[in-house]
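Remarks on the structure that follows.
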Ligand SMILES: NC(=O)c1ccc[n+]([C@@H]2O[C@H](COP(=O)([O-])OP(=O)(O)OC[C@H]3O[C@@H](n4cnc5c(N)ncnc54)[C@H](OP(=O)(O)O)[C@@H]3O)[C@@H](O)[C@H]2O)c1
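In our numbering, the protein residues as written are 190 to 486.
Okay, here's the thing in structure tokens:
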């Protein structure tokens, strides 16, 4: 298998020894791979995107982070400035990924500040919970416009800049639900299936431009994702292994070094995806149990 075809499996145990050793360990693991690159991250104000901005900056990369919440981006910038030197710089751009012109303007600001663009982490996303037939159309539309249009706008804004830089790397943050039929969060899962499919096609469309594309299949992660999930206010059921946003971000930053076709972070997630291929009906029933609203919700 060539490096380009390699799939990565990230394990989590190595990160569980306390924040300080995690930071040092993480820095040693990430820094040799990513070198000094210019990275554009959508959805940098919380969760995985925020942790990825810190991981890249810690590794010496200059980062532009885009999101709608200005105060969150400001606090991220303060945290990056306070990182032990040497570290990369952070440019905050407030904007909505549903707006193609806003994304283009953010890329222009990145070029104006840092001179080129090497890496896109198309991460901004939002969930939705509830039955397709009954869901508020505005919620469905928000999921589609954010998770699908947002990724398309980001790719279309970044590719010309990467071509000028002589190449680049696009990491599309998808989900393991892209590979499993997922009743009651079907619109979200379908939006992730869309972007995973897009990643596979883009990888070939852009290979002659020396732009690699990685489909990052994230499993359940601690973040603000559940708080922001649209639709039924009921929590989805627990019981599934959950990783930290820092673990997901570290895997993303390492992938920026070796540009795999696909990143699956944990063996559990690999099992879920294999189940979706081998026994899709059983996996869909298990997913239904996770997401089906209880009576009274
Ligand atoms: N958490 C999980 O279990 C999980 C599992 C699989 C995949 N994922 C994926 O991982 C990605 C990151 O999610 P997360 O877990 O880190 O959740 P999160 O903490 O809620 O972060 C979502 C980020 O997306 C940004 N965002 C949302 N809508 C936006 C818009 N219209 N324009 C610009 N930015 C927008 C948010 O910023 P603002 O609100 O400030 O705009 C925030 O920074 C998402 O694509 C999600 O689908 C998450």
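Where is the CB? At the ideal position from N, CA and C, for every residue including glycine.
Heavy atom of ligand 1 within 7 Å of residue i beta-carbon
i: residue 399; result: no
i: residue 335; result: yes
i: residue 413; result: yes
i: residue 243; result: no
i: residue 359; result: no
i: residue 472; result: no
i: residue 376; result: no
i: residue 255; result: yes
i: residue 353; result: no
i: residue 362; result: yes
i: residue 345; result: no
i: residue 407; result: yes
i: residue 318; result: no
i: residue 237; result: yes
i: residue 266; result: no
i: residue 246; result: no
i: residue 417; result: yes
Residue nearest to residue i in terms of C-alpha spacing, selected from the options
i: residue 380; options: 390, 391, 367; result: 367
i: residue 151; options: 370, 359, 477; result: An answer regarding residue 151 cannot be provided, because it is not within the stretch 190 to 486 covered by the chain.
i: residue 369; options: 419, 278, 407; result: 407
i: residue 278; options: 249, 396, 296; result: 249
i: residue 497; options: 321, 260, 231, 476; result: No information on residue 497 is available, as it lies outside the stretch 190 to 486 that the chain covers here.
i: residue 349; options: 254, 296, 463; result: 296
i: residue 252; options: 261, 269, 382, 236; result: 269
i: residue 479; options: 450, 454, 428; result: 428
i: residue 338; options: 412, 400, 280, 311; result: 311
i: residue 328; options: 419, 458, 449, 343; result: 419
i: residue 414; options: 336, 343, 482; result: 336
i: residue 344; options: 324, 390, 375; result: 390
i: residue 375; options: 481, 254, 259; result: 481
i: residue 292; options: 355, 384, 373, 232; result: 232
i: residue 302; options: 254, 387, 258, 332; result: 254
i: residue 290; options: 355, 463, 309, 342; result: 342
i: residue 385; options: 395, 474, 340, 298; result: 340
i: residue 447; options: 403, 430, 395; result: 403
i: residue 465; options: 382, 430, 395; result: 382
Distance cut-off 7 Å: residue i Cβ against heavy atoms of ligand 2
i: residue 287; result: Because ligand 2 does not appear in the structure shown, any question about it cannot be addressed here, the ligands present being ligand 1.
Within 8 Å, strictly: CB atoms of residue i and residue j
i: residue 304; j: residue 294; result: no
i: residue 452; j: residue 440; result: yes
i: residue 321; j: residue 363; result: no
i: residue 313; j: residue 438; result: no
i: residue 242; j: residue 272; result: no
i: residue 398; j: residue 352; result: yes
i: residue 347; j: residue 457; result: no
i: residue 315; j: residue 461; result: no
i: residue 287; j: residue 334; result: yes
i: residue 473; j: residue 372; result: yes
i: residue 412; j: residue 235; result: yes
i: residue 276; j: residue 246; result: yes
i: residue 445; j: residue 308; result: yes
i: residue 470; j: residue 400; result: no
i: residue 361; j: residue 324; result: no
Cβ-Cβ separation, residue j to residue i (assumed contact under 8 Å), whole Å
i: residue 377; j: residue 317; result: 5 Å
i: residue 281; j: residue 300; result: At roughly 16 Å, the Cβ-Cβ gap does not stay under 8 Å, so residue 281 and residue 300 are not in contact.
i: residue 455; j: residue 432; result: 7 Å
i: residue 306; j: residue 354; result: 6 Å
i: residue 450; j: residue 392; result: 6 Å
| Residue ranges of each beta strand (DSSP E) within the segment 218 to 305, 3 or longer | 227 to 231, 251 to 256, 279 to 283
| query | Which parts of the segment 341 to 381 are runs of the beta strand (DSSP E), unbroken and 3 residues or longer, counting only runs that do not cross its ends? | reply | 357 to 364
| request: Give, in chain order, every unbroken run of the beta strand (DSSP E) that is at least 3 residues long and sits entirely within the segment 384 to 455. | output: 400 to 407, 451 to 453
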